[in-house]
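Residue numbers (the working numbering), protein chains in the order written: chain A, 312 to 630; chain B, 2 to 322. Ideal placement from N, C-alpha and C gives every residue a C-beta, glycine not left out.
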Ligand SMILES: Nc1ncnc2c1ncn2[C@@H]1O[C@H](COP(=O)(O)OP(=O)(O)OP(=O)(O)O)[C@@H](O)[C@H]1O
Ligand SMILES: Nc1ncnc2c1ncn2[C@@H]1O[C@H](COP(=O)(O)OP(=O)(O)OP(=O)(O)O)[C@@H](O)[C@H]1O
Ligand SMILES: [Mg+2]
Ligand SMILES: [Mg+2]
């Protein structure tokens, strides 16, 4: 049984313009020590998906449905008090998008990292300090960093602090939302190498959220491609990168400039979908070069191509 | 035809050190560069290498410590008031962050009207038409609809296009585009870069394209300059710099770029060891020597190499060549 099983997850928001379907029947699982990438364009619902697993929902939630099962235990229906005490940070932790700039400026690094520990357990200050020291070492920072304030750290150091913070309660699942998009390539490579090491050392299961599929390929065993709140395709990284079946995945890959080839990167013409008013039928059909009769009529279901690989496209239904 | 020439440009900031002392932070430290009309020059390099400072200095938005700037053959280094205002109209910027650089309380129409009003370039009906044309140029259509929107109703990519429209509405000759596509996915990135390229061809604009994304620089620029600690350490055509990088720093930078490859996760990426040193403490000799794999003792740590042409049009500052 996979460690985490997510089934038919839905997260809708109420807005003045109507109901925004940010996450719409998304299902996947993640095994022990496995990394699943969630890639997709801006506004496709990636962060919303991560927040729904942490059960950190904004006030304007319209619908929050589906099943989140961790080692066979259903978390979706757990009372909030129990979820807070036993699951959030303890079993499932998250490095938030843009959190680098949201570190508390008046807290020293050690107090910042220890916060989840001191808040939810009866650990003494001394033990906490020791634990912070170990964690700093694990993420490749010297222990002097513990006494510093956020403004005294570079971007790459801040990101390491955030990772240490998320790991302090020894979670099984780590959600990372765009953890390196504010960093330059050389610091990004350092952080990704660190994550690879932690993944195998701690047997961490990672949900890696990013708009950058090349970056996702750096750590992910499997990739899920989201479009307009839905999974368009999911499968092993090899398959998604070398033999993608959904036209959106194919076009997304063709838009990546390659340092080694000479092919000019193309882009996907057309408007990004409005999740308050998504296109009829297949959500990608207004931008799809292969559109044909059924595409605008009905949304295809996620078609299982083989045990590991599924894609949502009418072209696949036919054959 | 040369449009812009930077001669030995330096920008040193005074930063606090301790309670009473200040020390110079040499963000840009002796950069010479010349750009032709209608050319795109990409500037790449790690965070803090001085890319934004160089871009802003070239627009005369920062006080120079030394050096001279020539624009269209005229020395503009010391221009003041009216004349500086005239230069501002011809030289524009697209800023790094589309979230903080657009006033959230202004409609897109007002955002685009502002430069026209400041430079008294157009008013009334004509201004309105210029706004619609600028929106059409960056493909934010229907124009009337987008003009009425507020920034929070736009996606990151659409905001970045508003930033481009605002920079282009005065028909500038020179535009500094500072990370114009940093926040969007590969497809939107390619779309915006194609757009900038076509507007450039249509209007003959000269672009300084500042980016972390070396792969996009390869496809959307005519030349690439690699910056390290306030200096240009390599300069050449995209083919020269990306396919045949000479400087050990450029080589390391290129190796750190991830390509979509399922084999990536099976090994660690090569990294440049160490954090980049700060411009308050620039190493002696070659500034890259403490991190360089090809370091030669009593040469690299003593003599500061100059930028030399080692192949036609391909410049590098390194003792290996
Ligand atoms: N609290 C909210 N209320 C209403 N709509 C929201 C809320 N949060 C997000 N949305 C909308 O839901 C959609 C999905 O947003 P989300 O932040 O999950 O996207 P994302 O894929 O993470 O995008 P990005 O790559 O830009 O971070 C967007 O259309 C967004 O505007
Ligand atoms: N106003 C300022 N006062 C003091 N130091 C500054 C100032 N602006 C920039 N610096 C310093 O100058 C150096 C170069 O900064 P700059 O913003 O030009 O780098 P960059 O290459 O654009 O980096 P990034 O890729 O992160 O945008 C940095 O060390 C920065 O801290
Ligand atoms: Mg997000
Ligand atoms: Mg910058």
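Test item: CB-CB of residue i and residue j under 9 angstroms
i: residue 383 (chain B); j: residue 166 (chain B); result: No answer is possible for residue 383 (chain B): the residues shown for chain B start at 2 and end at 322.
i: residue 260 (chain B); j: residue 216 (chain B); result: yes
i: residue 314 (chain B); j: residue 300 (chain B); result: no
i: residue 169 (chain B); j: residue 59 (chain B); result: no
i: residue 315 (chain A); j: residue 411 (chain A); result: no
i: residue 188 (chain B); j: residue 566 (chain A); result: yes
i: residue 312 (chain A); j: residue 382 (chain A); result: yes
i: residue 224 (chain B); j: residue 246 (chain B); result: no
i: residue 220 (chain B); j: residue 580 (chain A); result: no
i: residue 92 (chain B); j: residue 175 (chain B); result: yes
i: residue 403 (chain A); j: residue 368 (chain A); result: no
i: residue 54 (chain B); j: residue 77 (chain B); result: no
i: residue 22 (chain B); j: residue 13 (chain B); result: no
i: residue 518 (chain A); j: residue 349 (chain A); result: yes
i: residue 409 (chain A); j: residue 537 (chain A); result: no
i: residue 119 (chain B); j: residue 161 (chain B); result: no
i: residue 488 (chain A); j: residue 530 (chain A); result: no
i: residue 297 (chain B); j: residue 320 (chain B); result: yes
i: residue 324 (chain A); j: residue 335 (chain A); result: no
i: residue 341 (chain A); j: residue 516 (chain A); result: yes
i: residue 123 (chain B); j: residue 133 (chain B); result: no
i: residue 325 (chain B); j: residue 552 (chain A); result: The requested residue 325 (chain B) does not occur in the structure, where chain B is confined to residues 2 to 322.
Neighbour list for residue i in chain A, Cβ cutoff strictly below 8 angstroms
i: residue 243 (chain B); result: 570
i: residue 215 (chain B); result: 496, 570
i: residue 219 (chain B); result: 568, 570
i: residue 195 (chain B); result: 578
DSSP-derived helix/strand/coil call for residue i
i: residue 403 (chain A); result: strand
i: residue 315 (chain B); result: strand
i: residue 213 (chain B); result: coil
i: residue 582 (chain A); result: coil
i: residue 235 (chain B); result: strand
i: residue 346 (chain A); result: strand
i: residue 22 (chain B); result: strand
i: residue 124 (chain B); result: coil
i: residue 594 (chain A); result: coil
i: residue 136 (chain B); result: helix
i: residue 320 (chain B); result: coil
i: residue 587 (chain A); result: coil
i: residue 607 (chain A); result: helix
i: residue 312 (chain A); result: coil
i: residue 147 (chain B); result: helix
i: residue 415 (chain A); result: coil
i: residue 14 (chain B); result: strand
i: residue 503 (chain A); result: helix
Within chain B, the residues that residue i reaches when beta carbons sit closer than 7 angstroms
i: residue 577 (chain A); result: 191
i: residue 517 (chain A); result: Within chain B, no residue comes near residue 517 (chain A); the closest Cβ sits about 11 angstroms away, beyond 7 angstroms.
i: residue 466 (chain A); result: 48
i: residue 389 (chain A); result: Neighbours of residue 389 (chain A) on chain B: none; closest Cβ ~33 angstroms, over 7 angstroms.
i: residue 384 (chain A); result: Chain B residues near residue 384 (chain A): none, gap ~29 angstroms exceeds 7 angstroms.
i: residue 503 (chain A); result: 270
Contacts that residue i makes with chain B (C-beta to C-beta distance below 8 angstroms)
i: residue 532 (chain A); result: 266
i: residue 526 (chain A); result: 259
i: residue 563 (chain A); result: 186, 187, 188
i: residue 529 (chain A); result: 259, 265, 266, 270
i: residue 411 (chain A); result: Within 8 angstroms Cβ-Cβ: nothing; residue 411 (chain A) doesn't reach chain B, min ~12 angstroms.
i: residue 548 (chain A); result: 263, 266
i: residue 507 (chain A); result: 266, 269
i: residue 553 (chain A); result: 263
Chain B residues whose Cβ lies nearer than 9 angstroms to that of residue i
i: residue 583 (chain A); result: 156, 158, 159, 189
i: residue 500 (chain A); result: 256, 257, 258, 259, 269, 270, 271, 272, 273
i: residue 353 (chain A); result: 156, 157, 158, 184, 185, 186, 189
Per-residue contacts from residue i into chain A (C-beta, under 7 angstroms)
i: residue 153 (chain B); result: The premise fails here: residue 153 (chain B) is roughly 11 angstroms from chain A at the closest Cβ pair, so nothing lies under 7 angstroms.
Closer than 7 angstroms to ligand 3: residues, by C-beta to nearest heavy atom, in chain order: Residues with a Cβ closer than 7 angstroms to any heavy atom of ligand 3, in chain order: A:357, A:358, A:408, A:488, A:489, A:520.
Give the list of continuous beta strand (DSSP E) stretches no shorter than 3 residues that lie fully inside the stretch 155 to 203 of chain B. With a minimum length of 3 residues, the continuous beta strand (DSSP E) runs that stay inside the stretch 155 to 203 of chain B are 175 to 179.
Which residues end up in the neighbourhood of ligand 4 when you take C-beta atoms closer than 7 angstroms to any of its heavy atoms? B:52, B:53, B:97, B:179, B:180, B:211
What alpha helix (DSSP H) runs, 4 residues minimum, are completely inside the stretch 509 to 575 of chain A? Here the runs fully enclosed are 524 to 527, 548 to 553, 558 to 565.
Mind pulling the alpha helix (DSSP H) runs of 4 or more residues that sit fully within the stretch 351 to 409 of chain A? As far as the stretch 351 to 409 of chain A is concerned, its whole alpha helix (DSSP H) runs of at least 4 residues are 357 to 365, 391 to 397.
Length-filtered (4 minimum) alpha helix (DSSP H) runs lying within the stretch 34 to 116 of chain B: The stretch 34 to 116 of chain B contains these whole alpha helix (DSSP H) runs: 52 to 59, 82 to 91.
Continuous alpha helix (DSSP H) assignments of at least 4 residues falling wholly in the stretch 417 to 499 of chain A: 420 to 431, 436 to 449, 466 to 478
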